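Numbering (mature numbering (1 follows the signal peptide of the UniProt record, and there is no 0)), first residue to last: -19 to -1, 1 to 52. A virtual CB, placed ideally from N, CA and C, is assigned to each residue, including glycine. If you're wondering where the values come from, they're calculated on a predicted model, not measured in any experiment. What follows is one structure encoded as structure tokens, with my remarks underneath.
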């Protein structure tokens, strides 16, 4: 994929989630391999999850956290 396509996909995916990183974590396109924590927060990568979350937060899944619709 070219840079523009990757950027557009990232924008769309981030718009579908409540992605947030609770601390200053190095961010660039190379290190952006999102992971979902057990706290429901999407972290930029596994390093950010380990360094920027409560010690009780563990890896839930690879990829962005998907917010479940409430009925």
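Taking 9 Å as the cut-off, the Cβ atoms of residue 18 and residue 39 count as close. Shown here, residue 29 sits in a helix according to DSSP, grouped into three states.
Assigned with DSSP and collapsed to three states, residue 44 falls in coil, not helix or strand. By the neighbour-count definition (other C-beta atoms within 10 Å, threshold 16), residue 43 is an exposed residue. The three-state reading of DSSP puts residue 38 in coil, since its state is none of H, G, I, E or B.
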